[in-house]
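Everything on this sheet refers to the single structure shown next.
Residue numbers (my numbering): 0 to 430.
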């Protein structure tokens, strides 16, 4: 099947999910096809499916349906302000589970320096801090094999958690009979955790779906096993958003861990994914202790917090020539040289290396716990301690990034410890 644009649609084409082999061509290409059809008694054509092509140099182009100015109400103000990508967005017709699976299996487990992602203590961040890793949008666009889950697949999983038929019915908003159960590890989820005693074996299976090119060949290799050291108002808001026809729900809210059937966000999210809406939620800000997650249901993409690969640097140069790195969004060029205030905003060893480029009203540097100890030691070592703040602006490509922030909530999940949560981490300390 060949879909041809009318002249007013021009060259704007769409990568849609057709039920027949099809190609959507622009008006100019359609005109050439019609001319060819008229030129021969037996016209023929072959469709060649070439997959995703990156770097089309005519992009970005304005889509035919994009509304134009000038503004009728205020023609002296130029509208629209900007244009942004909207046509043939990769996630536009994949299921929420496929989107989540792709984000998880393409996540990075190493920082820019090629070493394992660290936490606020500059120690190796475990799986209960990073889940599958740090989100990598560039890799997520290359779909191949994914782990798909239909909404009804969650029902035997929920029954297997020990919920009653009535409790499961509250979550899925219909009558349910728990006649079938599966263990957590058998849910077709991209990751899982398990506890093994000495000599014990457990086997779980997975089903993968190819959403890449047809007749593809994939090679599986054995990865290293990681052994870690041992509210209904929200639901109403989510239901209203679903009724409004949103495509994605991204929520940075939540509370303590509750059974799924008592958690308004979890129930509202299940309603959303049944309608094909992708749901991502913050893991919460109660780290770094374990088992402090929110929004941990497997139909939600649970997202922890990480740093970005840049800092707005405000270094502290001590009188003993030691220079320590800190951060501040306030970067004054001129300020009094003889004012010094020492503030301790509650930072402890728990907070570690996590610093913030806040907007201060005084020349300031926010330093980590280790740097703070060094400063205090220097102050105690001399009768007249001095320090100079050096504002260096934005420094790009901090190779220790991404790192897990101290406040990012960690797993394991209280409600379903066999499902690894959070799913991924992504930047939140950005500017």
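Beta carbons: idealized from backbone N, C-alpha and C, even for Gly. Because the structure is a prediction, the values reported are computed rather than measured.
Sub-7 Å separation of residue 281 and residue 302 beta-carbons
yes
Three-state secondary structure (DSSP) of residue 250
strand
Secondary structure at residue 225, three-state DSSP: helix, strand or coil?
Note that residue 225 scores 49 on pLDDT, short of 50, meaning its location in the model is unreliable and no value can be drawn from it.
Around the C-beta of residue 151, are 16 or more other C-beta atoms found within 10 angstroms, so that it is buried, or is it exposed?
exposed
Just reading off the beta strand (DSSP E) that residue 390 is part of, what are its end residues?
386-395
Does the beta-carbon of residue 35 have 16 or more other beta-carbons within 10 angstroms, so that it is buried, or is it exposed?
Residue 35 counts as exposed, since fewer than 16 other beta carbons sit within 10 angstroms of its beta carbon.
Suppose only complete runs of 4+ residues qualify. What are the alpha helix (DSSP H) ranges in the segment 92-152, listed by chain order?
95-104, 126-129 and 136-139
Roughly how many angstroms lie between the CA atoms of residue 374 and residue 323, to the nearest whole one?
9 Å
Return helix, strand or coil for residue 171, following the three-state DSSP convention.
Reduced to three states, the DSSP call for residue 171 is helix.
With respect to the alpha helix (DSSP H) encompassing residue 36, which residues constitute its N-terminal and C-terminal limits?
26-38
Member of 308, 309, 325 and 310 whose CA lies at the smallest distance from the CA of residue 316:
325
Hey, residue 394 and residue 312: beta-carbon distance below 7 Å or not?
yes
Going by DSSP in three states, residue 176 sits in which element: helix, strand or coil?
coil
So who's on the other strand from residue 280, going by DSSP bridges?
Beta-bridge partners assigned by DSSP to residue 280: 250 and 301.
Between which two residues does the alpha helix (DSSP H) containing residue 375 stretch?
Segment 368-380, the alpha helix (DSSP H) holding residue 375.
In terms of residues, what are the limits of the beta strand (DSSP E) holding residue 315?
In this chain, the beta strand (DSSP E) harbouring residue 315 covers 309-317.
Relative to the alpha-carbon of residue 102, which residue among 18, 278 and 214 has its alpha-carbon at the smallest distance?
278
DSSP state of residue 306 mapped onto helix, strand, coil
strand
What three-state label does DSSP hand residue 157 in the structure shown?
Three-state DSSP puts residue 157 in a helix.
Spatial neighbours of residue 154 within its chain, please: CB distance less than 7 Å, with the 5 preceding and 5 following residues excluded, ordered by chain position.
167, 171 and 175
For residue 304, tell me which candidate among 296, 284 and 293 has the shortest Cα-Cα distance.
284
Would you identify the three-state DSSP class for residue 323, choosing helix, strand or coil?
strand
Nearest neighbour of residue 0, chosen from 47, 299, 41 and 183 [CA to CA]
47
Got a sec: is the Cβ-Cβ distance from residue 204 to anything in chain C below 7 Å?
Chain labels in this structure do not include chain C; a single protein chain is all it has.
Provide the residue span of the alpha helix (DSSP H) that contains residue 81, from first to last.
Run containing residue 81: none; DSSP gives neither H nor E here.
Using only the heavy atoms of the ligand SAH, determine whether one of them is closer than 6 Å to the beta carbon of residue 315.
The ligand SAH is not part of the structure shown, which contains no ligands of any sort.
The beta strand (DSSP E) spanning residue 1 covers which residue range?
Its beta strand (DSSP E) spans residues 1-3.
How many whole angstroms separate the CB atoms of residue 290 and residue 193, which I take to be in contact at a CB cut-off of 8 Å?
That pair is no contact at about 17 Å.
Need the endpoints of the alpha helix (DSSP H) that residue 216 sits in, please.
First-last for residue 216: undefined, no H or E at that position.
How many whole angstroms separate the CB atoms of residue 143 and residue 217, which I take to be in contact at a CB cut-off of 8 Å?
7 Å
Under a Cβ-count criterion, where at least 16 other Cβ atoms within 10 Å of its own Cβ denotes burial, should residue 149 be classed as buried or exposed?
By the neighbour-count rule (16 or more Cβ atoms within 10 Å), residue 149 is not buried but exposed.
Residue 196 lies in the alpha helix (DSSP H); which residues open and close that run?
That residue, residue 196, is in no alpha helix (DSSP H); it is neither H nor E in DSSP.
Closest by CA to residue 204, which one among 96, 186, 309 and 329?
186
On a CA-only basis, which of 383, 333, 362 and 402 is nearest residue 354? Give me that one, please.
Of the listed residues, the one whose Cα sits closest to residue 354 is 402.
Given that a residue counts as buried once 16 or more other Cβ atoms are within 10 Å of its Cβ, and exposed if not, what is residue 59?
exposed
Once DSSP output is grouped into helix, strand and coil, what is the label at residue 230?
Interpretation of residue 230 is limited by its pLDDT of 47, a score under 50 that renders its predicted location unreliable; the figure taken from the coordinates is listed afterwards. When DSSP states are grouped into helix, strand and coil, residue 230 belongs to the coil group.
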